[in-house]
Amino acid sequence: MKARSLRIATLIFGMALFTSVLFQNCAPVSFKPEEAANALAAKGDEESQAPAVCDDGQVSGSIKWEVVNGQNIEEPGKCDFGGNLTMVYEKQQKLLCDGGKYVGSNEFQKGKLLGQKGACNCADGVNNGMSVWKNVDGQTISENQACPANGTLTLTYEKQQKYTCDNGKLVSSEDYQKGKLLSQAGACKCADGSAEGASSIKLVPNATIVEQGLCPNGGNLQYVYEKQQTYICTNSQSVAQNMFSKGKLLQTTGACNCSDGVVSGGFKFVTLAGQTVSEAAACKYGGNLANVYEKQEKNLCTNGSFSSTGDYQKGAFLRQDGACNPPPVLTESFSISATKTMKPLDMVWVIDNSGSMNEEAANVRANLTAFINALDKSSDMKFMLLSKQGTTGTSVALPSGLDATRFVQYNKTIGSNDGPAQLISQLNFNISSGIPFFRADSKKIIVFVTDDNSSMTAANFTTNLAKAGVASGQAAIFSFIGLGSSVSKCQAATGAVYQTLATQTGSQVYNICDLDWSKHFADLKTDVLTKLGRSFTLKDTMAMKIVKVEVDGVAIDASKYSFANGVLLLADDVTMTETSSVKVSYTQE
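Note that our numbering gives residue 397 to position 396 of the sequence shown, counting from 1, and the numbers run on in steps of one.
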């Protein structure tokens, strides 16, 4: 029975509250019947109590919107063509009925429109407040123009009305002006009676126009006329124009020639169609070469016409028939291993001896002897090694039995970052001691081996190398280095400076972390041989022209070699080995 009474009370209270809200002039009240039921149940057998009511009769939980004094909400107004229109509204705050009092919230909304600031621009691009002139359809403005001498001139213009932009609309005014000139009626006249714009012709005193006479066959016939100038009536003044014409014929001079501009008594040679003159051409080695020319006849000009004289000559060269025998092609062959015709080679190796370089030093020791022997067979070679001397650990030594005048090692401890600096120091020491390492005419190769980067920048190294006698571009710089942690797991640092030097000198870098360096040494040997360039001096001092060059039996393009003063020079990118052969085909002219 108690539960039933509770449900009936809840229903009656909810209906009463809904009716109250429905007829109030404020926002709807948020009410949940289950909340009321729970409240009544909590009272037990006590009588249900109505919720607290705010001063305007709304129960707790109801809301209303109240104007915030002194505060507004502004929004940009809608302008189809731009402008600065701003709409100004009341600012309203949301209030919540709580325990018989309205409590302010952080919610706000626009209220009544109070006014606006600024204005919109007009459709034709005129800003608010600015004016524009528009043609008045079907209306014109006419003016009579005064003429200085005589005549009547009436000018007709478009009629334009002034409009001012007022908040997006063009408002007309009572101001008018002339627009574009449409037409004119009548004309002013000059003193000589010419109408405005009309032209007249006047004689230029003491001046003539000379015109070449019409001669069918050319000549120096000339006609001499009076010179006349055109004047145009402008603003009632006759104004001279840069326009001239012939007047009365005054005299004739000269005479006509024969055809082709030949004067009477002169002559010309006429080509005889289909007839030629042939002459044997000289051939050093024999042949049937003949030069073929046009056949020309001499014609004399007499009284404007030509007559034959019976004299003939050869005219323009037409062609050559037959051919000379070519000069004999001679050949000479060279063997790289036998002649050592490559450019002198000066090579320097700088090897990092820091504690992390054990495996790298072992790779150098495993490949260096064969590398040096291969290059020494095919070049005039000098070799410098900067490294701690030894055959274990991080040390490296030159192979035994080498020519001490060409192969030298400086027993130095090379740190992780100072390889370039150590090389510059050694080169300068050699120069100051009177025994510079690099020869002036040699190809200079520098090889660095390190798992770290250089403390000297690429730019500073290039500058210091030039001071040590090796100008920019004279040395090719190769390196065995770390290429980045993703591909060189063993590196201490990426060899960025060495990568830059290799790029600048057209050289290569090799991954120091590879286990087998034999391919790197083979590639380096090929690159060095390619960069040396090859010179071959022909024994035949009469050799003049290269017909063909073959390397290992394969003809190479003419752009890959040059020939001067009996010396053939192959380009750097012609691949050769220490066993290559070169065959040169040539002529003596």
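Where is the CB? At the ideal position from N, CA and C, for every residue including glycine.
Work out the CA separation of residue j and residue i for me, nearest whole Å.
{"i": "T578", "j": "I337", "result": "8 angstroms"}
{"i": "L154", "j": "I142", "result": "14 angstroms"}
{"i": "S184", "j": "Y158", "result": "7 angstroms"}
{"i": "N454", "j": "A503", "result": "14 angstroms"}
{"i": "L570", "j": "K383", "result": "22 angstroms"}
{"i": "P437", "j": "K520", "result": "32 angstroms"}
{"i": "I74", "j": "K135", "result": "39 angstroms"}
{"i": "Q589", "j": "A476", "result": "37 angstroms"}
{"i": "E47", "j": "G101", "result": "Residue placement at E47 is flagged as unreliable, the pLDDT there being 44, under the threshold of 50; the coordinate-derived value follows with that caveat. Cα to Cα, E47 sits roughly 22 angstroms from G101."}
{"i": "A37", "j": "G112", "result": "Because the pLDDT at A37 is just 43, under 50, the model does not fix this residue reliably, and the value given afterwards should be weighed accordingly. Each residue's alpha carbon lies about 33 angstroms from the other."}
{"i": "V205", "j": "L182", "result": "37 angstroms"}
{"i": "N364", "j": "L387", "result": "16 angstroms"}
{"i": "C514", "j": "S357", "result": "12 angstroms"}
{"i": "L41", "j": "A53", "result": "In this prediction, L41 has a pLDDT of 42, which is less than 50 and means its spatial position is unreliable; what the coordinates show is noted afterwards. Going from the Cα of L41 to the Cα of A53 covers about 14 angstroms."}
{"i": "D56", "j": "G116", "result": "32 angstroms"}
{"i": "A283", "j": "A324", "result": "10 angstroms"}
{"i": "F564", "j": "A472", "result": "26 angstroms"}
{"i": "V409", "j": "S401", "result": "11 angstroms"}
{"i": "S355", "j": "G567", "result": "51 angstroms"}
{"i": "N289", "j": "L525", "result": "55 angstroms"}
{"i": "D541", "j": "Q427", "result": "44 angstroms"}
{"i": "T463", "j": "Q509", "result": "17 angstroms"}
{"i": "S237", "j": "D193", "result": "9 angstroms"}
{"i": "D377", "j": "K546", "result": "32 angstroms"}
{"i": "Y286", "j": "T277", "result": "26 angstroms"}
{"i": "C257", "j": "Y224", "result": "12 angstroms"}
{"i": "V30", "j": "G58", "result": "The predicted position of V30 is uncertain, since its pLDDT is 40 and thus under 50; a value taken from the coordinates is nonetheless stated next. One C-alpha to the other measures close to 11 angstroms."}
{"i": "V351", "j": "D558", "result": "37 angstroms"}
Can you tell which of the options has the C-alpha that lies nearest to the C-alpha of residue i?
{"i": "S265", "options": "K549, T253, L290, S308", "result": "S308"}
{"i": "G255", "options": "L215, P327, T209", "result": "L215"}
{"i": "V555", "options": "L222, P217, S582", "result": "S582"}
{"i": "N412", "options": "Q427, G420, K389, D419", "result": "K389"}
{"i": "T231", "options": "G496, A241, Q146", "result": "A241"}
{"i": "L516", "options": "S173, K490, N354", "result": "K490"}
{"i": "Q94", "options": "M545, K285, N70", "result": "N70"}
{"i": "V319", "options": "W350, S279, T310, G305", "result": "The amino acid at residue 319 is misidentified as Val; the sequence shows Leu. With distances taken between Cα atoms, L319 lies closest to S279."}
{"i": "S306", "options": "Y499, G220, C259", "result": "C259"}
{"i": "N129", "options": "D99, A196, D167, K247", "result": "D167"}
{"i": "L466", "options": "I425, M457, T506", "result": "I425"}
{"i": "L484", "options": "S246, Q500, Q252", "result": "Q500"}
{"i": "G139", "options": "F109, N122, G180", "result": "G180"}
{"i": "A469", "options": "N429, T310, T451", "result": "N429"}
{"i": "N326", "options": "N300, D353, K344, A291", "result": "A291"}
Checking the sheet assignment: what are the DSSP bridge partners for residue i?
{"i": "N292", "result": "E280, Q321"}
{"i": "K285", "result": "In the DSSP output, where bridge partners are listed per residue, K285 has none listed."}
{"i": "D99", "result": "K102"}
{"i": "L331", "result": "Y587"}
{"i": "S350", "result": "The residue you asked about is not Ser; residue 350 is Trp in the sequence shown. Its beta-bridge partners are L386, V448."}
{"i": "N512", "result": "I482"}
{"i": "F439", "result": "DSSP, once it has assigned bridges, lists no residue as partnering F439."}
{"i": "N136", "result": "Q161"}
{"i": "P77", "result": "T87"}
{"i": "A477", "result": "I446"}
{"i": "N300", "result": "K269, S309"}
{"i": "A196", "result": "K190"}
{"i": "W66", "result": "K95"}
{"i": "E108", "result": "Partner(s): none; E108 has no beta bridge."}
What are the boundary residues of the alpha helix (DSSP H) that residue i is part of?
{"i": "I373", "result": "359-378"}
{"i": "A459", "result": "459-468"}
{"i": "T504", "result": "497-505"}
{"i": "P421", "result": "420-433"}
What are the boundary residues of the beta strand (DSSP E) that includes residue i?
{"i": "A186", "result": "170-190"}
{"i": "P206", "result": "200-213"}
{"i": "G152", "result": "151-167"}
{"i": "F245", "result": "238-254"}
{"i": "C55", "result": "Where C55 is concerned, there is no enclosing beta strand (DSSP E), given that its DSSP letter is neither H nor E."}
{"i": "E227", "result": "223-235"}
{"i": "L569", "result": "568-571"}
{"i": "Q492", "result": "Where Q492 is concerned, there is no enclosing beta strand (DSSP E), given that its DSSP letter is neither H nor E."}
{"i": "N122", "result": "It is not in any beta strand (DSSP E) - N122 carries neither H nor E in the DSSP assignment."}
{"i": "A405", "result": "Premise fails: A405 is in no beta strand (DSSP E) and is neither H nor E."}
Could you check how far apart the C-beta atoms of residue i and residue j are, in whole angstroms? I think they sit under 8 angstroms.
{"i": "Y587", "j": "L331", "result": "6 angstroms"}
{"i": "L96", "j": "K118", "result": "Between K118 and L96 the Cβ distance is about 29 angstroms, and since that is not below 8 angstroms, they are no contact."}
{"i": "I446", "j": "V529", "result": "6 angstroms"}
{"i": "C98", "j": "G126", "result": "In fact, because the Cβ distance is near 54 angstroms, the residues do not count as touching under 8 angstroms."}
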